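First up is the structure itself, then whatever we jot down about it.
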Amino acid sequence: MEPIITWLANLLANVSWWPWPAPPSAAIIIWVVYGLFIAFGIAPLAMIVLTWLERKIIARIQDRIGPNMAGPFGWLQAVADAIKMLTKEDTTPAGADRIPFNLGPGLIAVSAVLVFAVIPLAPGIIGSDLNIGIFYVVAVGSFGVLGTLMAGWSSNNKYALLGAFRAVAQLVSYEIPMAISLITVAVVAGSMSTLTIIHNQAVANGGWYIVAMPITFLVFFLAGMAETNRSPFDLLEADSEIVAGFHVEYSGMKYAMVMIGEYVHMLALAGLSATIFLGGWRGPFVEQLYNAVPILGGLLGLVYFLAKVLLFIFVMMWFRGTLPRFRIDQLLDFGWKFLTPLSLFNLLTSAFVVKLFQPAGTAGVALPAGPLAGFGGLGLTSALLISNLLVAFIASLAVRSLARRSRGNVLKAVAGVEG
Amino acid sequence: MQNEFIFVGILTICAILLPVGGMGMSWMLRPHKPNKLKQTTYECGLETVGETWAQFKVSYYIYALIFVVFDVEAVFLFPWAVAYNKLPLYALAEVLIFVLILLFALVYAWRKGALEWI
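Listed in order, the protein sequences are those of chains A and B.
Per the numbering used here, the first sequence runs over residues 1 to 419.
Per the numbering used here, the second sequence runs over residues 1 to 118.
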């Protein structure tokens, strides 16, 4: 890889027609190659592989076989679908608002692809280690909502409009628990950079965050499922109520863009969950091998990372195969009355525990060490786990009493009607 | 070391090329034969009745308002989270007060029935 890039850089350095004053450096070339790889490698591949995987897994859950005609295990079916979408006629409904109608699907796809900039695929392979990594994820992940709203609003279709309304209510509601759970992670890791978060999940530093913060993980994952419009949170496309919601009028390549957006978003969510909570590429022997033979260590790290990502993707498909869709009031209640307070309380208790275990001032900051600082990373992990479980216990008590009260109200109302 | 955000710019351009390239390719391959029936609004095979861009439920607006409050809160919490390791204990106390005020707002909205879907 290295010699090829230096060769390319030298080649470009000698080009006389290069329009800018300085020829691109090797780093820029690597970045361009990696960016093209993400946009034209990962994104279409995600759609092709994940649609096939989803159809197979859902079929198995429903005791069917799924696609099995084209190619071994039917995997050519997904390729055939991609070709079909490429060659289908693209209809625009009369009365549609053309500019947002054409921009919407593209915006959805772009917002999903951009998340991959900060996801490390293997040791040493990351787009850019932004120091605001997870903040960037929240920022770019949420302007897909804009695309959804544009698509739904401009279609001149009542179902699409309903889908767009639902999309805004849902995506906006679940963004808050998601952001707050990411803030909790940033408090514990002391940084928003994804590489630092992975570094802090070494066994010596306390291990995977899913062990330390199961509640934070659950909030993040559920809110992320809602953000990616996955079933059971797929109210905005609810095929059985509003046909297909915001993308009902799309066909051909624009429909494919909506689908690419959805599946890439799903992959990005799985990748983020693996990075933030399962230690990314971390696993047995990766670091030793990476220090000895970087390429082999990188490959091993990639394998671990992909295994974790596929695990999360399987869980998402399992959800879809198992759970019925929420009603919109249940969905908003779940977001606002359960996940938001839960994540806020969890943030406060986690911050308190982190303060207890804080080591004495580092890097020129004069701070006394926390009272339990001597226990180190593993102590922090177990304390965080205990505080998380406590928060979960209290939350379950609160939910129980609330549910009882509302059931009592219903019973009273029924008794009033009957009496 | 170069600015890490250069890659974000590069990736943005590549990501924009994805829909542009895809649509361009399909524009070369696909047929284009529009007719009046094809372009009608798809609503379960029935003809559309009335205006599409109708009024929407006010509940959506109230949720959006509450969202703005909490989103701004999240923006304030992000810098606090990063600097948390370098701050003494009063940082926790201040954020406690800050979050409790907002939780009070959430409880108020809840009691007022702003979070009920009518």
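By construction, the Cβ of each residue, glycine as well, lies at the ideal position given by its N, Cα and C atoms.
For clarity, every value in this text was computed on a predicted model and none was experimentally measured.
Check                                                                                                                                                                                   : Outcome
Within 10 Å of its beta-carbon, does LEU323 of chain A have 16 or more other beta-carbons around it, so buried, or fewer, so exposed?                                                   : exposed
By alpha-carbon positions, which one of A:GLY35, A:ALA151, A:ILE386 and A:VAL353 ends up nearest to THR92 of chain A?                                                                   : A:ALA151
How many Å lie between ILE57 of chain A and ASN229 of chain A at the Cα?                                                                                                                : 18 Å
Does any residue of chain A bring its CB to less than 8 Å from the CB of TYR108 of chain B?                                                                                             : no
Return the CA-CA distance between GLY376 of chain A and LEU356 of chain A, expressed in angstroms with no decimal places.                                                               : 11 Å
Using only alpha-carbon positions, find the residue among B:PRO19, B:GLU4 and B:ILE6 that is nearest to VAL112 of chain A.                                                              : According to the sequence shown, residue 112 of chain A is Ala rather than Val. For ALA112 of chain A, the nearest C-alpha among the options comes from B:PRO19.
Can the beta-carbon of TYR136 of chain A be found closer than 8 Å to that of VAL118 of chain A?                                                                                         : yes
Can you tell me which of the three DSSP states ALA94 of chain A falls into?                                                                                                             : coil
State the beta-bridge partners of ALA122 of chain A as determined by DSSP.                                                                                                              : A:ILE125
Suppose you measure from the CA of GLY271 of chain A to the CA of LYS308 of chain A; what does that come to, to the nearest Å?                                                          : 8 Å
For a contact meaning CB atoms closer than 7 Å, what does THR275 of chain A contact in chain B?                                                                                         : Correct list: empty, because the minimum Cβ distance to chain B is about 17 Å.
If we define contact as Cβ-Cβ less than 8 Å, is ALA74 of chain B a contact residue for chain A?                                                                                         : yes
Evaluate ASP63 of chain A with the Cβ neighbour count: other Cβ atoms within 10 Å of its Cβ, from every protein chain shown; 16 or more gives buried, anything less gives exposed.      : exposed
Say whether the segment 15-31 of chain B touches the segment 76-94 of chain A, bearing in mind that this needs 3 or more beta-carbon pairs closer than 8 Å, one atom from each stretch. : yes
Out of B:LEU103, B:PRO79, B:ILE101 and B:VAL99, which one is the CA nearest neighbour of SER191 of chain A?                                                                             : B:PRO79
Determine the closest residue to ALA268 of chain A out of A:GLU227, A:SER350 and A:VAL414, with distance taken between C-alpha atoms.                                                   : A:GLU227
Between the Cα of PHE314 of chain A and those of A:ARG325, A:LEU302, A:TYR263 and A:GLY301, spot the shortest distance and give me the residue it belongs to.                           : A:TYR263
VAL138 of chain A and LEU182 of chain A look like a contact to me (Cβ under 8 Å); what is the Cβ gap, rounded to whole Å?                                                               : 6 Å
Would you list, in sequence order, the uninterrupted alpha helix (DSSP H) runs of no fewer than 4 residues that lie entirely inside the segment 159-226 of chain A?                     : 194-199 and 209-212
Please decide whether ASN156 of chain A counts as near chain B, where near means a Cβ-Cβ distance under 8 Å.                                                                            : yes
Measure the CB-CB distance between GLY147 of chain A and ILE108 of chain A and report whether it falls below 8 Å.                                                                       : yes
Is the shortest distance between the beta-carbon of THR91 of chain A and the beta-carbons of chain C less than 8 Å?                                                                     : Checking the listed chains, one finds no chain C in this structure; the protein chains it contains are A and B.
Could you work out which residues of chain B lie near PHE135 of chain A, taking near to mean beta carbons separated by less than 8 Å?                                                   : PHE78
So GLN201 of chain A contacts chain B; which residues on that side make the cut at Cβ distance below 9 Å?                                                                               : Simply none; closest approach about 17 Å.
Suppose the cutoff is 7 Å on Cβ atoms and the five residues either side in sequence are ignored; what does the same chain contact list for PHE277 of chain A look like?                 : TRP208, TYR209, ILE210 and PHE217
For VAL111 of chain B, go through chain A and note every residue whose CB falls closer than 9 Å to its CB, in chain order.                                                              : Just to set this straight, residue 111 of chain B is Arg in the shown sequence, not Val. Simply none; closest approach about 12 Å.
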